[in-house]
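Numbering (our numbering), first residue to last: 2 to 816.
The beta-carbon is built from N, C-alpha and C at its ideal position, and this holds for glycine as well.
Reading through the structure tokens given below for one structure.
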Amino acid sequence: MEFKRMTVEQIKQNLVEKLRSNFGCEITDATEEQLYKAVALTVRDEIMERRTESRGVRKGTGAKKVYYLSAEFLVGRSLFSNMVNLVNEKNYAQALEELGIDRTMISEREPEPGLGNGGLGRLAACFLDALSSLQLPAMGCTIRYEYGLFRQKLVDGYQVEVPDNWLDGGNIWEIPRPAETVEVHFGGRVEQYEEDGRLCFRTVDSVVVQAVPYDIPTVGYDSSMVNMLRVWSARSPKRIDMPAFNRGQYVKAMEERELAEVISKVLYPNDDSWQGKELRLKQQYFFSSASVQYIVRDFLSVYGPQWAIFPDKVAIHINDTHPAVAIPELMRILMDEHYLSWEDAEDICRRTFAYTNHTVLQEALEKWPENLFAQTLPRVYQILCEMNRRLCDRLWDAYPGQWERIGHMAIIAYNQVHMANLCVACTHSVNGVSGIHTDILKKQTFHDYYVMEPEKFVSITNGITHRRWLIQSNPGLSDLIDSAIGDKWRKDMNYIADLKPFANDPAFRQKFAEVKYYNKLRFSDRLRRMQGIEVNPESMFDAQAKRLHEYKRQLMNALGILMLYNRIDEDPSFEIPPKTYIFGAKAAPGYQRAKLTIKLINSIADLVRKHPRASKMINVVFLENYCVSQAEVLMPAAEVSEQISTAGKEASGTGNMKFMMNGALTIGTMDGANCEIFDAVGADNIYIFGLTADEVERGYASYRSFEIYETNAAIRKVMNQLIDGTLCPEHPHMFQEIYHGLLFGDNGGMPDPYFVLKDLPMYMAAQQQISHDYTDKDLWLKKAVMNTACSGVFAADRTINEYNDKIWHLKPLNL
Ligand code: 26W
Numbered sequence: 002m003e004f005k006r007m008t009v010e011q012i013k014q015n016l017v018e019k020l021r022s023n024f025g026c027e028i029t030d031a032t033e034e035q036l037y038k039a040v041a042l043t044v045r046d047e048i049m050e051r052r053t054e055s056r057g058v059r060k061g062t063g064a065k066k067v068y069y070l071s072a073e074f075l076v077g078r079s080l081f082s083n084m085v086n087l088v089n090e091k092n093y094a095q096a097l098e099e100l101g102i103d104r105t106m107i108s109e110r111e112p113e114p115g116l117g118n119g120g121l122g123r124l125a126a127c128f129l130d131a132l133s134s135l136q137l138p139a140m141g142c143t144i145r146y147e148y149g150l151f152r153q154k155l156v157d158g159y160q161v162e163v164p165d166n167w168l169d170g171g172n173i174w175e176i177p178r179p180a181e182t183v184e185v186h187f188g189g190r191v192e193q194y195e196e197d198g199r200l201c202f203r204t205v206d207s208v209v210v211q212a213v214p215y216d217i218p219t220v221g222y223d224s225s226m227v228n229m230l231r232v233w234s235a236r237s238p239k240r241i242d243m244p245a246f247n248r249g250q251y252v253k254a255m256e257e258r259e260l261a262e263v264i265s266k267v268l269y270p271n272d273d274s275w276q277g278k279e280l281r282l283k284q285q286y287f288f289s290s291a292s293v294q295y296i297v298r299d300f301l302s303v304y305g306p307q308w309a310i311f312p313d314k315v316a317i318h319i320n321d322t323h324p325a326v327a328i329p330e331l332m333r334i335l336m337d338e339h340y341l342s343w344e345d346a347e348d349i350c351r352r353t354f355a356y357t358n359h360t361v362l363q364e365a366l367e368k369w370p371e372n373l374f375a376q377t378l379p380r381v382y383q384i385l386c387e388m389n390r391r392l393c394d395r396l397w398d399a400y401p402g403q404w405e406r407i408g409h410m411a412i413i414a415y416n417q418v419h420m421a422n423l424c425v426a427c428t429h430s431v432n433g434v435s436g437i438h439t440d441i442l443k444k445q446t447f448h449d450y451y452v453m454e455p456e457k458f459v460s461i462t463n464g465i466t467h468r469r470w471l472i473q474s475n476p477g478l479s480d481l482i483d484s485a486i487g488d489k490w491r492k493d494m495n496y497i498a499d500l501k502p503f504a505n506d507p508a509f510r511q512k513f514a515e516v517k518y519y520n521k522l523r524f525s526d527r528l529r530r531m532q533g534i535e536v537n538p539e540s541m542f543d544a545q546a547k548r549l550h551e552y553k554r555q556l557m558n559a560l561g562i563l564m565l566y567n568r569i570d571e572d573p574s575f576e577i578p579p580k581t582y583i584f585g586a587k588a589a590p591g592y593q594r595a596k597l598t599i600k601l602i603n604s605i606a607d608l609v610r611k612h613p614r615a616s617k618m619i620n621v622v623f624l625e626n627y628c629v630s631q632a633e634v635l636m637p638a639a640e641v642s643e644q645i646s647t648a649g650k651e652a653s654g655t656g657n658m659k660f661m662m663n664g665a666l667t668i669g670t671m672d673g674a675n676c677e678i679f680d681a682v683g684a685d686n687i688y689i690f691g692l693t694a695d696e697v698e699r700g701y702a703s704y705r706s707f708e709i710y711e712t713n714a715a716i717r718k719v720m721n722q723l724i725d726g727t728l729c730p731e732h733p734h735m736f737q738e739i740y741h742g743l744l745f746g747d748n749g750g751m752p753d754p755y756f757v758l759k760d761l762p763m764y765m766a767a768q769q770q771i772s773h774d775y776t777d778k779d780l781w782l783k784k785a786v787m788n789t790a791c792s793g794v795f796a797a798d799r800t801i802n803e804y805n806d807k808i809w810h811l812k813p814l815n816l
């Protein structure tokens, strides 16, 4: 189907009109912000026109819809990705050029919604894009955080956090829906009463918070499908306490309002570690309850109270455990508000909900203190208790007498509410995000559940939207691919496989190299502009970009660089092809070890920079404020992708896919989706090293990092440099803590629990092989082209089709 697209002339006209009607100005006197907004409004018009075309089709046909509940949606900027999905980016580019408006300026004027920490939030955003592109009816649901993830500044090599007030200039993309406001209740107590001979429950004396929805449209690629991301904002029903105000107690008059509205103020900046904070539980219930209330209302408006078909019309997906409280909330609504029996409500919930697990790290599994839960959500807590009682009855039949095992599987045990158990017990599908991750869920994390209900467990490897991560962020490569194999891959990434033969075409490889070089220049220019740092575009770009975490082992990368530095320093004849090591990482503000690792990387960068010979071969740069828009420039420029987590710890990884799609070669462990990248590209086109997940498991009992320190002189030297003032002469003990953790363990724990020193020699060997291969340009380019050509399976479209086949069973809308 062909769509009406705005022509260059129409775009120009529309833009001029937007400036006049919204800001009363002309192009010549408009501010940059006004120009951005005028462009965005023009694009929005085009989206809304399609929305109008497709609207009503779902309701008319009674199609099933998935609601993807996620505490995070890391959508990034929308303007240019929308132009891509409208398949009109070339007309926009031309219109802007003819009007003399700078594209980069327009792009960078858009505030970036940082409504997520990392992988889990970005995955949700890729999924929504794929759902729309596949014409599957969907809605994303999350919180409209007034402050997204903090912005990172580097001061003297340390991370400093700055608030991210992304909403200050307004948000062009959101459509407020005040008429669809719902109420969410906190605290109070539960009263029982009888009505028409049945036992009923109501909560009294609770605090009411209003949830006000805003919808952000997501248009599908080359499609008139528009799905909404619904973001909920907290508002107090009491604007002001008038009696207090009249008594002159102005602050007090605002207090209650502030307490309610704080719920949607900030995104918790933790990734993979969890704390039992009351506000976080309130956030989770706030958006889960609001979403479920909306879902039920929407269902009623289309189908009426035909509860038996609810699971045929509605799928609710729980993205990690953060929205798990949606399950007892739907129970509550069905029973307390619509008088369904326990059994019917339970059956509907099981058939409606599905759960994805994103981590096996114990510290990331949410367990709420039981009393906090009881006080904050008294009625939901009651329901959970009953769910738990019935569950434990069933478990008792399966595992008679095995108290410990049952305690381990229960929803509530040892005064804690165990959210993952709630999800596994009360949904119809549990999935891991890569093959190895799902295996670990089955064999370890949820093993006792797996043996009871093996068919419930599915593996669906993550994917990324190639529309943002290739078409939009790497137009040079996209055009080159078109010229080789046509443009069918843009709509269906399976066709990218047609590129494989071109790995052997010297002319194509040459052009591929030119595109990479151009992208390296683009990255270098931006780095100079943003941070005043110079890098050599002729050097190899080696990148590790992801949240900072011990299990991801940025530390191993850093120590490896220091070892290389030592070799250069010790041996005047030693040479390697010049390398630029690029780090991009935010550390959770309370995660001291992670923050110290940032300082370490920057200290190593300084050390290298001061060394006359080493600085010719090595350059270490730390990208400030790594975020979606930084990634969009980095991925196309990178040549080596560092995916070096301790095997068994990284559930999937998705940055690994973005790098490979853009032609970078992976150096990595057999972990997460690296295993599948290995399968896709073959052993020749990836650099695998290190312990396997099984070896790590066995290593917990036997590994002694100190033995490596004693026997390996090069490792001993870098370890000593952490405490001898080499890195920071004025504070020689600066990195004492890292040294101690690696050799002796942190407060009673095992030394080097992430096997950094163990894997380091194998990592160095793999790096050496990379340096060697890189000097053979033809060989290297073949591998690079193969990586792009084999990236089709990592398209989010493939992932979403699997979710749909295995879990949701939606039908694409015929528009
Ligand atoms: C409450 C603290 C907290 C916050 C976030 C605990 C856990 C999380 C997430 C589960 C962390 C996360 O983002 N996990 C990542 O999910 C990606 C998408 O599936 C995977 O690719 C990454 O491997 C996984 O670390």
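Whole-angstrom distance between residue j and residue i, CA atom to CA atom
i, j, result
"Ile583", "Val622", "5 Å"
"Lys492", "Ala126", "18 Å"
"His186", "Asp440", "39 Å"
"Val88", "Asn663", "20 Å"
"Asp774", "Tyr519", "21 Å"
"Arg406", "Ser703", "27 Å"
"Leu396", "Asp480", "58 Å"
"Val721", "Met564", "Per the sequence shown, residue 721 should be read as Asn rather than Val. Approximately 12 Å, taken between the alpha carbons."
"Ala365", "Ser274", "4 Å"
"Asp321", "Arg530", "38 Å"
"Ile264", "Gln284", "6 Å"
"Ser706", "Thr360", "26 Å"
"Ser133", "Ser82", "13 Å"
CB-CB length for residue i against residue j, believed under 8 Å
i, j, result
"Gly793", "Ala498", "6 Å"
"Ile217", "Trp174", "5 Å"
"Glu651", "Gly673", "4 Å"
"Leu282", "Trp167", "Not confirmed; about 25 Å, so no contact."
"Arg78", "Thr655", "Their Cβ separation, rounded to whole angstroms, is 18 Å, which puts Arg78 and Thr655 out of contact at 8 Å."
"Met557", "Val757", "5 Å"
"Asn358", "Leu442", "6 Å"
"Ser225", "Leu811", "In fact, because the Cβ distance is near 17 Å, the residues do not count as touching under 8 Å."
Neighbour flag for residue i against chain B, beta carbons, 8 Å
i, result
"Leu423", "Among the chains in the structure shown there is no chain B, since it carries only a single protein chain."
Short Cβ contact (8 Å threshold) for residue i with residue j
i, j, result
"Ile801", "Ala131", "yes"
"Asp272", "Arg548", "yes"
"Gly117", "Glu147", "no"
"Ala399", "Ala355", "no"
"Met787", "Asn686", "yes"
"Val85", "Gln555", "no"
"Glu643", "Gln545", "yes"
"Glu640", "Ala681", "no"
"Met765", "Gly561", "yes"
Any non-hydrogen atom of ligand 1 within 7 Å of residue i CB
i, result
"Val1", "The first residue shown for the chain is 2 and the last is 816, placing residue 1 beyond what the model contains."
"His612", "no"
"His773", "no"
"Ala365", "yes"
"Arg359", "One detail in the question is off: residue 359 reads as His in this sequence, not Arg. True, at least one ligand heavy atom lies under 7 Å from that Cβ."
"Gly221", "no"
"Asp130", "no"
Close beta carbons around residue i, own chain, < 6 Å, minus the five adjacent residues each side
i, result
"Ala375", "Tyr382"
"Leu362", "Asp273"
Other residues of its chain near residue i: CB distance less than 7 Å, five sequence neighbours each side excluded
i, result
"Ala245", "Lys253, Ala254"
"Gln631", "Gly585, Leu624"
"Met205", "First, the residue type needs correcting, since residue 205 is Val and not Met in the sequence shown. Cβ within range, chain order: Gly189, Arg190, Glu192."
"Ser604", "Gly158, Leu728, Cys729"
"Lys13", "Ala96, Glu99, Leu100"
Residues near residue i in its chain [Cβ-Cβ closer than 8 Å; skip 5 each side]
i, result
"Tyr6", "The sequence shown places Arg at residue 6, rather than the Tyr named in the question. For Arg6, where only same-chain residues beyond five positions count, the Cβ hits under 8 Å are Glu47, Leu87, Val88, Asn89, Asn92."
"Pro733", "Ile724, Asp725, Gly726"
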